Structure formats: C-alpha cells, structure tokens
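**Q** In the numbering used here, the protein residues as written are 169 to 423.
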Ligand SMILES: C[S@@+](CC[C@H](N)C(=O)[O-])C[C@H]1O[C@@H](n2cnc3c(N)ncnc32)[C@H](O)[C@@H]1O
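1. Can you tell which of 214, 217, 253 has its C-alpha closest to the C-alpha of residue 227?
2. Does the separation of the CB atoms of residue 387 and residue 365 fall below 7 angstroms?
3. When you compare the CB positions of residue 326 and residue 367, do they come within less than 7 angstroms of one another, or not?
4. Tell me whether residue 178 sits in a helix, a strand or coil according to DSSP, three-state version.
5. Output needed for residue 423: all residues of its chain with C-beta closer than 8 angstroms, excluding positions within five of it in sequence on either side, in chain order.
6. Need the endpoints of the beta strand (DSSP E) that residue 276 sits in, please.
7. Secondary structure at residue 327, three-state DSSP: helix, strand or coil?
8. Cα separation between residue 349 and residue 247?
9. Nearest to residue 398 by alpha carbon, out of 416, 192, 222, 357?
10. Residue 187: which of 401, 390, 210 sits nearest, CA to CA?
11. Determine, using beta carbons only, whether residue 241 and residue 262 come nearer to each other than 7 angstroms.
12. Could you spell out where the alpha helix (DSSP H) holding residue 237 opens and where it closes?
Right under this line is the structure:
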C-alpha cells in the first residue's frame, strides 16, 4: 500500500465509517454478528483505523485488531492512546499471526478486508486456528456475483418510460486481481489491489479450514444512504455486498 493511502483511508472512515459503511455494509455485518456478551474475545481482521474494533470494545468486548498497513495501525493506536478501550493492535499479515494463541478468540470479523488480502486462503486458515471450537467468523465482502471490481457495472437502458437498469457482469468464475487508483488529497494517486474470488471459492476455503457456513446476508441500504454514482433503488434490487457467517467446527485430534 502506498504511503499516504492508509492515512487518507483512516481519515475517511473516521469514528463511524464512511457513508457506505455506516448506512449499508456495517448494519449487514452487525445483523449477523449480533450483540456480543461482555468479555467476548474478538479478532478484527484487516481492522483499518479500528473504528469497528472501538465500537465493539465500547460495548465490553475484548478486541484485538490486525492490519497490514503501518499508517492504519498507527491511526488505530493513536485513537486507543487518546481514549483507551483495552484494544491490542498488531501490524501484521492476516495470513500469519504467530503472536496470537490457538483457540484464543470467541469471534472474528473481517469488514471489507478479505477481498483486499492477497493470501486470503491462508488468512481463513489462520482464523480457524485462532477461534475456539464453536467460535464464529463473520465477514463482509464485495458481492462476488454482482460486484466484480472493474468487470461489472450498472447499465441504464433507455426505454419509453423510466430506463431499465441492468447489472452487467463480464467475469465471475476465475479468481483474479484488479488495480484501483485512488486520488489522494495531496494530488498523488495511490494504487491498491482487489482480489475477486467466486462464491464457491469462499465456501470451499471455509469448509477446508474447518468451518460450517451458518449465515448469509445481502445488505440493503438503510436510512441516510447516499451515493453520487449509484441510485438507491438499484442496490435495493441488486446487492453489491455479501455478509457471511461461519462457525468453527469442534476440533478433531488433528486440530
Ligand atoms: C477496505 S479496507 C477495510 C478496513 C476496515 N475493516 C474498514 O472497514 O474500514 C481493507 C483493509 O485490509 C487491510 N489488508 C490488506 N491486506 C492485508 C493483509 N494481508 N493482512 C491484514 N490486513 C490486510 C488493508 O490494510 C485495509 O486496512
């Protein structure tokens, strides 16, 4: 990740997440995550600036956040120093977290991060190692069927009345990556990589890591959702995000 991107992204997310997170993605994530009993041990994978880690810690969870970005982990730690909630942050790849013990979490979540993580299969296996038997992994991603990075778009087709809006998807089955350019406030452009994997990829990697899929949501916009590019009714019909819950099966002799 290029210098400056993490700082900008962390600012954009602020204390509550940007509009897309606040009014669309996070409510879907929390619908599956639910209210966690006080003291629940939670891992936030790809935690960004830690705003959701803070939300959960504020409700009594014991939270550990992990992110690969120095800038985002520094932003998260700065918030923790300013207003301590007992959150531990690690600057590390989600694929290798040897500093965290086997079975030491009751729940893990990854909010819009798995599709940004190159070694996502290894990250899923690492979450399986870190969760206790019966622990839950809840994550949100771009919807693999309808939001295929640069290879999908809404296409309004003019007609006699209101235009009919189609979702065009030109690639799905083969995992691939795409580059994204983000204009930064200082005029530079930061480049990130996104990884598309089909739905069957997620199911297979979860099952092979020892999970059973137990929940699935396709978040719809809630009050306050606004977008300059996309009309609310388009994503009320065609969801652009997917939230999935998987439960760690009891360990066998081989763990
Ligand atoms: C779209 S952001 C989401 C951040 C945060 N969950 C949020 O909702 O604001 C994706 C995050 O994944 C992190 N990331 C990318 N690759 C990673 C890896 N291998 N291990 C841990 N985090 C990674 C990025 O640094 C970034 O913070």
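C-beta atoms are modelled at their ideal positions from N, C-alpha and C, and glycine is treated no differently. Note that the structure is a prediction, hence the values are computed from the model and not measured.
**A** Concretely, from the data shown:
1. Sequence index remark: in the chain shown, residue 227 carries index 59 (1-based). Measuring from the Cα of residue 227, the nearest candidate turns out to be 253.
2. Here residue 387 is taken as the residue at index 219 of the chain shown, counted from 1. Here residue 365 is taken as the residue at index 197 of the chain shown, counted from 1. No; because the gap between Cβ atoms is not below 7 angstroms, this pair is not in contact.
3. Position 158 of the chain shown, counted from the first residue, corresponds to residue 326. Position 199 of the chain shown, counted from the first residue, corresponds to residue 367. No, they are not a contact pair.
4. Working through the chain shown from its first residue, we reach residue 178 at position 10. Looking at residue 178 - three-state DSSP - the assignment turns out to be helix.
5. Within the chain shown, numbered from 1, the residue matching residue 423 stands at position 255. Here residue 423 scores only 46 on pLDDT, less than 50, and its place in the model is too uncertain to base an answer on.
6. Working through the chain shown from its first residue, we reach residue 276 at position 108. Start and end: 273-279.
7. Residue mapping note: residue 327 aligns to position 159 of the chain shown, counting from 1. Three-state DSSP puts residue 327 in coil, outside helix and strand.
8. Along the chain shown, one-based indexing puts residue 349 at 181. Along the chain shown, one-based indexing puts residue 247 at 79. Computed Cα separation, rounded: 27 angstroms.
9. Numbered from 1 along the chain shown, position 230 holds the residue referred to as residue 398. The option with the nearest alpha carbon to residue 398 is 192.
10. Counted from its first residue, the chain shown places residue 187 at position 19. Ranking the options by Cα distance to residue 187, first place goes to 390.
11. Position 73 of the chain shown holds residue 241. Position 94 of the chain shown holds residue 262. For residue 241 and residue 262, no; Cβs fall outside 7 angstroms.
12. Here residue 237 is taken as the residue at index 69 of the chain shown, counted from 1. Annotation: residue 237 is outside any alpha helix (DSSP H) and is labelled neither H nor E by DSSP.
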